[in-house]
Every structure is written in C-alpha cells, then in structure tokens.
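K.L.:
This is the structure, below, for whatever I ask next.
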Amino acid sequence: MLKSRNIVRDIIFFILLMAISKKTIERTWAHIKKEKPSIFNKIEVHELDKSFLISLKETKKQIDQAIEISKASDMHADKFEQLKQMRNEVKQVESKFKKNSPATFLLGPLGTTAIVLKEKELEKNLINIMNDLGNILYAFQGNQQEANIKIVSVEQGLAKNKHLIEYIT
Numbered sequence: 062m063l064k065s066r067n068i069v070r071d072i073i074f075f076i077l078l079m080a081i082s083k084k085t086i087e088r089t090w091a092h093i094k095k096e097k098p099s100i101f102n103k104i105e106v107h108e109l110d111k112s113f114l115i116s117l118k119e120t121k122k123q124i125d126q127a128i129e130i131s132k133a134s135d136m137h138a139d140k141f142e143q144l145k146q147m148r149n150e151v152k153q154v155e156s157k158f159k160k161n162s163p164a165t166f167l168l169g170p171l172g173t174t175a176i177v178l179k180e181k182e183l184e185k186n187l188i189n190i191m192n193d194l195g196n197i198l199y200a201f202q203g204n205q206q207e208a209n210i211k212i213v214s215v216e217q218g219l220a221k222n223k224h225l226i227e228y229i230t
C-alpha cells in the first residue's frame, strides 16, 4: 500500500515537471522570436575588404588587355590559353572571397580569424596570378631577364602590370 502512494506522488510530480518545462520552453521561444532581429543586429560580422575587390577587378581588366594583345599578335597566340586560365582563376578567387560560410560568424572571434586567414590565402593566390601575368607581359615585350622579378604585394603587382601593358600598347 505504501508503494502505490509513492507511485501516484511520483506521477503527479512528473506531470507538474513536464507542465513547467513546457511553459518555460514556450516563453523562451516567444522571447527569441520577438528579439530575433535585434539579436542578429548585435552580432558583428566581418566585412569584405573593398580594396581587394577593386584589385580583383583591375586584375581582370589587365588580363583582358593582355588577351587583346595576344589576339592581335600571332607571335603570342600560345599565351592566349594561359591568359584565359588566369582569368578563370581570378574569378574563382573572387567567388571564394565573396562567399563565407554562414556559420563562421556564429563562432565569434574564431570565425573572424578563419575568414581573415582565408583572405590572406586568397591574396597570395592573387599575387601568384599577377606574377604569372607579369611574366607573360615580359614575354610579349621580349624581355625575359626581368620576368623573374617577383612582386610581394597586390598594389605593387597592379602598378607593375599596368606599366608593362602601357609600354606594350
């Protein structure tokens, strides 16, 4: 007889616990739905570097100019495919730069660090593409000795390749 009282009491406490838990969950979801826009406005998201996007556009423009030079000259027709491949690589760098995983900002400082490291890697890729473009432009110019000079920054590469294109045209 004593056991049945304990079972009834336990069932009543379990039902009360479930009712309290349900009410708590409902209130929490109601609060989240109400505050959702303001919660996401408070989270700082890493912004894209506008100067890097401008550098990507300028690099694409320089590659297009180099393609026009290779089309105009029969001597440099072999470089045409290389330049088309470079243009595709720049487009890939641009798409990777613009696209971030939606979950990275939820990681807070770790997500921002991951984004910054990815941007540094893409900057290195762009510098390599600019070095290759510079080598092709030196080949158009007929000066292979200076083709081995490597650039170390995006700005330096843009300036060097712009100067080479102006010299060739």
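Going left to right, the sequence shown walks through residues 62 to 230 as the working numbering numbers them.
Note that CB positions come from ideal geometry on N, CA and C, so glycine has one too.
The structure displayed is predicted, hence computed values, not measured ones.
(1) Identify whether E160 lies in helix, strand or coil by the three-state DSSP scheme.
(2) How would you call G203, buried or exposed, if buried means at least 16 neighbouring beta carbons within 10 angstroms?
(3) Of the choices I188, E227, I176, K94, whose alpha-carbon is the least far from that of Y199?
(4) Identify, in the order they occur along the chain, each residue of the same chain with its Cβ nearer than 8 angstroms to the Cβ of K211, setting aside the five sequence neighbours on each side.
(5) Keeping to the same chain, check which residues put their C-beta closer than 8 angstroms to that of I128; ignore five residues upstream and five downstream.
(6) Tell me where the alpha helix (DSSP H) around T230 begins and ends.
(7) Go ahead and label L178 buried or exposed: buried means 16 or more other beta carbons lie within 10 angstroms of its beta carbon, across all protein chains shown.
(8) Once the 5 residues before and after I229 are set aside, which same chain residues still bring their CB inside 8 angstroms of it?
P.N.:
If we stick to the structure as given:
(1) Reading the sequence as shown, one finds Lys at residue 160 and not Glu. Looking at K160 - three-state DSSP - the assignment turns out to be coil, as it is neither helix nor strand.
(2) exposed
(3) Ranking I188, E227, I176, K94 by Cα distance to Y199 puts E227 first.
(4) N192
(5) F141, L144, K145, R148
(6) Run containing T230: none; DSSP gives neither H nor E here.
(7) exposed
(8) I130, L198, F201, Q202
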